[in-house]
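Position 88 (the sequence shown) corresponds to 101 in our numbering; numbering is contiguous.
Glycine residues also receive a C-beta, built at the ideal position from the N, C-alpha and C atoms.
Working notes, structure below.
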Amino acid sequence: MGFGVRKSYTNKSKKDGSIMTVRFVCNKEGLRGKDKRDHLTKNPRRETRTDCKVRIGLTHVDGIFRIYDFIEDHNHVLQTPKTTHMLASQRKISKVQALEIELAEDSGLQLRTSYELSSRHAGGKDNLGYTRLDQKNYLRTIRKRSLMYGEAGWLLRYFKKQNLKNPSYYHDYQMDSEEQITNIFWADPKMLLDYSYFGDVVSLDTTYCINNAHRPLAIFSGFNHFRGVVIFGAALLYDETASSFKWLFKTFLEANLQKKPQTIFTDQDQAMAKALHEVMPEVLEVNGVMTIPDQYILKRLTKDARSGAIEDVNGNKVVEDPDSVGTIRHRQLWPKLVKLASDVSNSEQAFLLDNEAVNQVNFEVPKIYGNQVNFETPQGSSNQMNFEVPPNLGTQFSFTKFLMEPFSTQSLEGSEFYGDFSNVNDQS
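Take a look at the structure:
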């Protein structure tokens, strides 16, 4: 079929709601009505309809549909077989294809990659039955449905739980006229501390994980005194309009006690630029950069930068989670101890030396804790080690999975946002 089909009208029975008559027409039927609201349209859309008269009318009689009206002559060129799959009436995602799309997303495949894979399985895009835009819209529908089934309430409970653990944990959200959550912003104590020390130059990236067909994820980031990537805050936006970005900038400043950066690096988004000029007009904005140049990493950011106390919006001293600090120390120390145990096990002399050193450490360390911690070797086999490695945060995520894991700055450093800066002019 080389033309699209749309439903013109439907009449239903008042008794049982069954369809009595229905008419289908060509998608090029009719013409656009004259708009009397604005006579000075700058960029009018091209007329796509040709007032085609092709139609078919069906009526329900004695349990079957009978044709009562039919016109088959088109007044326009029909689509070729290679392009008919792009017509809206010919596109549909089947249940099997929907399961494949969800499986590809859960496996971490990019949108383009999963679409190409499905196309090859079907023998080409002509036989697939849907476009990449349909796939993207389907994934968005799935995400909205999961939010509808209680995920918004889960978010609020999660934020409340984090506030109970640490009062400095900041979050805020915006609701629409239907009392539905639209935009969400959060910043944990570490993000607030990092911004207070290294927030003179900030990058706002809305392209991270953009191929996951989720809401735009906005990340405020920068560099610390070791030139490592640090996160200052994050937000899940309903859309990328000026109003959403305006709310985002205001919320970001509120979380950081109205401390404004000196420079913000953004992409060439007009809505973002408009919101930034309204909220922080005095801040220098640099468009179209892919990373922060060296001249914007201030020399004063030394190892002594983290000095002094930082307060949150409630006036409390911001303190990082001690559990996360202990986890970092554990990760740094654990491979060294495992390697040491492997090396000394091949030599009696090395084993005795290491065993004596371990005994000395077990004797000295409890003094630091006031003899409150037992550092004796546990009974049982030495192979029975009880430790848990937190799962890595992948590129595919839902609200619940995403918020329960810390940000992985290594994944940011490997993304396009932190690419080459060789083409950017000196902004100093």
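Closest to residue i by CA distance: which of the options is it?
i    : options                : result
N368 : A354, P379, I381       : A354
N24  : D356, H73, K259, P274  : H73
L250 : F211, T264, L91        : T264
H87  : C39, M99, K272, A288   : C39
A111 : R170, Q345, D147, G121 : D147
W260 : Q283, G136, E291, I244 : E291
Q271 : L205, R58, K66, P229   : L205
G241 : K178, L266, L217, F211 : F211
P202 : Q187, Y183, M188       : Y183
V67  : K287, Q175, R58, G15   : G15
F278 : V296, Y151, S131       : V296
D64  : H89, I244, A231        : H89
E118 : I77, R153, S132        : R153
A135 : K149, N150, E113       : E113
L448 : P180, F233, D280       : No information on residue 448 is available, as it lies outside the stretch 14 to 441 that the chain covers here.
E115 : K149, L169, R344       : K149
A286 : L217, K349, P348       : L217
Check residue i in the structure and name its three-state DSSP category.
i    : result
T234 : Note that residue 234 corresponds to Ser in the displayed sequence, not to Thr. Reduced to three states, the DSSP call for S234 is strand.
N372 : helix
L141 : coil
I442 : Limits of the chain in this structure are 14 at one end and 441 at the other, which puts residue 442 out of reach.
M293 : coil
D252 : coil
N196 : strand
S26  : coil
S181 : coil
T72  : strand
L112 : helix
G407 : For G407, the predicted structure reports a pLDDT of 36, less than 50, and the residue's modelled location is therefore unreliable. A value from the coordinates is still provided. In the structure shown, G407 sits in coil (DSSP, three-state: anything other than H, G, I, E or B).
A247 : strand
L366 : helix
D280 : coil
F78  : strand
F16  : coil
I218 : According to the sequence provided, residue 218 is Asp. The question's Ile does not apply to it. It is a strand residue.
V90  : coil
F400 : Low local confidence applies: a pLDDT of 29 at F400 is under 50, so the model's placement there is unreliable, with the coordinate-based value given in what follows. Reduced to three states, the DSSP call for F400 is coil.
V351 : helix
Q275 : coil
G241 : coil
S107 : coil
T96  : coil
S21  : strand
Kindly give me the distance between the Cβ atoms of residue i and residue j, rounded to whole angstroms, as I take these residues to be in contact under 8 Å.
i    : j    : result
Q275 : V214 : 7 Å
R45  : Y22  : With a Cβ gap of about 19 Å, R45 and Y22 do not count as contacting.
G17  : A101 : 6 Å
N196 : Q187 : 4 Å
K41  : R62  : 5 Å
Can you find the residues in the same chain that come closer than 6 Å, C-beta to C-beta, to residue i, ignoring five residues on each side of it along the sequence?
i    : result
D29  : none
F198 : D185, A248, T264
Y81  : G70, T72
A268 : Y183, A200
S31  : none
Might you give, ordered along the chain, the residues of its own chain that have their beta carbon closer than 7 Å to the beta carbon of residue i, omitting 5 neighbours on each side?
i    : result
V402 : Note that V402 scores 32 on pLDDT, short of 50, meaning its location in the model is unreliable; the coordinates nonetheless yield the value given after this. Nothing meets the Cβ criterion.
S26  : M33
K95  : D139
A288 : A255, F258, K259, F262
M370 : The sequence shown places Ala at residue 370, rather than the Met named in the question. Excluding positions up to five away in sequence, the list is empty.
L346 : none
F364 : V357, S358
S132 : K138, L141
Counting only the same chain and skipping the five closest in sequence on each side, list residues whose C-beta sits under 8 Å from that of residue i.
i    : result
P229 : T219, I223, L249, L250, D252, E253
D207 : G235, N237, V243, I244, F245
Given the structure, does residue i come close to the ligand ADP, in the sense that its CB is under 6 Å from one of the ligand's heavy atoms?
i    : result
Y183 : Ligands displayed in this structure: none; no statement on the ligand ADP is therefore possible.
Three-pair Cβ contact test at 8 Å for the region 107-114 versus the region 125-143: yes
Just checking, does the region 254-274 make contact with the region 237-244 on the three C-beta pairs under 8 Å criterion? no
With three or more C-beta pairs closer than 8 Å as the rule, is the region 75-95 touching the region 112-126? no
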